[in-house]
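These protein sequence lines are chains A and B, in that order. Just so you know, we're using our numbering here: the first sequence kicks off at 1 and counts up by one. Just so you know, we're using our numbering here: the second sequence kicks off at 1 and counts up by one.
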Amino acid sequence: MCNIDDDLLQSYIDHDLNEVEKLLFEEHLKGCNDCRRKLNQLKLVDWELFHQPLIEVPEQLADIREKALNKCFEELEIEETNFGIRDVMSVQAATVKGAAQFVRYIPGQAVIRLISEEVMEAYQPKLLLKWLLLKKVAK
Amino acid sequence: MDIQLNLIRQCKKNDRNAFSLLLGQYESDVYRICYGYTRHHEDALDIAQEVFVKVFRAIETFDESRPFYPWLKKIAVNTCLNYQRAKQMGPMISLDYNYENGLALIDELPSADNPEELVLSRSMEETIAACMISLPESYRMALMLRYQEDMTYDEMASLMDQPLGTVKSNVYRARNMLKGILKKNGLLEV
């Protein structure tokens with residue numbers, strides 16, 4: 001009884017062996033009836049599997065495709081007409097945007113903005129100086 | 001511009017006609033994958049329908065720089081595998097479950113009156129088709145991709161996200177199982 005690994009036979013019919021392995025295996029085959037028989041059986045299975053009849057496609061496949069698409073487009077329509085969480089978010093975003101716009105038109109808003117800008121400019125160098133001093137003390 | 005790419009872009013805009021055309025081009029391939037795996041007409045149609053819905057939902061994510069068919073094939077293969085898992089088929093398959101060729105597993109059992117009659121009256125290809133049903137799902141998928149889809153082991157490994165060794169070993173074992181059954185039935189006298 002030959003103890004050649006069965007995977008070697010399988011690799012051989014798949015043309016998956018390198019040249020050296022192939023040569024050695026073919027040499028072995030010459031003297032091994034057991035392997036030759038196994039290999040022939042495997043080749044027959046391989047051939048039969050490659051030559052299975054082409055699967056016939058049923059006519060109703062086109063109906064199945066259209067049915068699937070109907071389902072998809074119906075779902076899409078429902079999604080579009082439903083008031084979902086995304087719609088709530090976009091309404092809220094629009095409300096906040098509107099409120100921000102409103103603040104811009106409060107009487108005296110332009111003066112406040114001008115003053116605050118001037119105050120910030122005036123204080124910025126002082127703040128920087130204060131920060132530098134603090135850093136020096138910390139050292 | 002490539003006609004198919006144009007079609008895909010139209011699909012991304014939810015164009016109904018474009019979807020019909022695109023899926024129409026590939027529906028036979030999808031059905032053959034599903035049938036090659038399940039060997040059951042109704043199941044294959046169910047899975048094909050599920051594949052079409054998945055394509056519709058995922059088309060937005062399709063990378064236009066890549067070919068379409070391998071992408072579609074991956075969806076079909078995954079849908080097949082999930083469908084079978086959900087149905088708990090494989091080892092729990094009913095003996096009366098009728099396959100498209102009119103055969104059921106019960107026919108595979110030798111009859112008490114004449115045990116060899118059934119097997120001998122059947123051709124090799126019919127026997128292989130019947131045997132495919134009794135293979136474990138991973139083996140069936142491996143054989144379908146290897147022989148029906150004519151894929152290399154590397155392509156199969158990449159499609160199924162499995163190591164190359166696993167893919168090869170599934171094909172080897174499946175072929176050995178078939179060889180064993182055919183030999184037992186005297187169909188491998190070489």
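Ideal Cβ placement from N, Cα and C applies to all residues, glycine included. Quick caveat: nothing in here was measured; it's all calculated off a predicted structure.
Checklist entry - Along the chain, where does the alpha helix (DSSP H) that runs through T95/A open and close? => result 85 to 104
Item to check | P136/B - DSSP class collapsed to helix/strand/coil | outcome: coil
Next on the checklist: Along the segment 15 to 32 of chain B, where does the CB come closer than 8 Å to a CB of chain A? Name the residues.
Outcome noted: R16, F19, S20, L23, G24, E27, S28, Y31, R32
Checklist entry - Looking at C-alpha atoms only, which residue of F68/B, N14/B, P136/B is the closest neighbour of Q4/B? => result F68/B
Item to check | 8 Å Cβ cutoff met for V45/A and R140/B | outcome: no
Next on the checklist: Distance check for S138/B and Q80/B, CA to CA, integer angstroms please.
Outcome noted: Looking at the sequence shown, residue 80/B is not Gln but Cys. Cα to Cα, C80/B sits roughly 11 Å from S138/B.
Next on the checklist: 8 Å is my cut-off, CB to CB: does F56/B come that close to chain A?
Outcome noted: yes
Next on the checklist: Just verifying my parser: in three-state terms, what is the DSSP assignment at D5/A?
Outcome noted: coil
Checklist entry - Do you know whose CA, among S28/B, M151/B, K179/B, lies nearest L61/A's CA? => result S28/B
Checklist entry - Helix, strand or coil: which one does DSSP assign to H28/A? => result helix
Checklist entry - By the criterion of Cβ-Cβ separation under 9 Å, what are the contact partners of K67/A in chain B? => result Q49, F52
Checklist entry - Can you find a C-beta in chain B that's less than 8 Å from the C-beta of E48/A? => result yes
Checklist entry - According to the neighbour-count rule (16 or more other Cβ atoms, all chains shown, within 10 Å of its Cβ), is L54/A buried or exposed? => result exposed
Checklist entry - Quick one: Cα of T152/B to Cα of A68/A, how far? => result 32 Å
Item to check | Inter-residue spacing [alpha-carbon to alpha-carbon] between R32/B and D14/A | outcome: 24 Å
Item to check | Other residues of its chain near L109/B: CB distance less than 6 Å, five sequence neighbours each side excluded | outcome: Residue confidence for L109/B is low, a pLDDT of 48 falling below 50, so the modelled location carries little weight; the figure read from the coordinates is stated next. So the list is empty, once near-sequence residues are dropped.
Checklist entry - Mind pulling the alpha helix (DSSP H) runs of 4 or more residues that sit fully within the segment 14 to 78 of chain B? => result 16 to 38, 41 to 58
Checklist entry - Taking 8 Å as the CB-CB limit, is K136/A close to chain B? => result no
Checklist entry - What did DSSP end up calling T152/B once you bin it into helix, strand or coil? => result coil
Item to check | Amino acids of chain B, ordered along the chain, whose beta-carbon sits closer than 7 Å to that of K71/A | outcome: V53
Item to check | Alpha-carbon to alpha-carbon, S169/B and S8/A | outcome: Note that residue 8/A corresponds to Leu in the displayed sequence, not to Ser. If you take the alpha carbons of L8/A and S169/B, they lie about 12 Å apart.
Item to check | Coil, strand or helix - P125/A by DSSP | outcome: helix
Checklist entry - So, is the C-beta of Q109/A closer than 8 Å to a C-beta in chain B? => result no
Item to check | R36/A, enclosing alpha helix (DSSP H) - first and last residue | outcome: 33 to 50
Checklist entry - Cα-Cα, which of C72/A, Q10/A, L133/A is closest to R36/A? => result Q10/A
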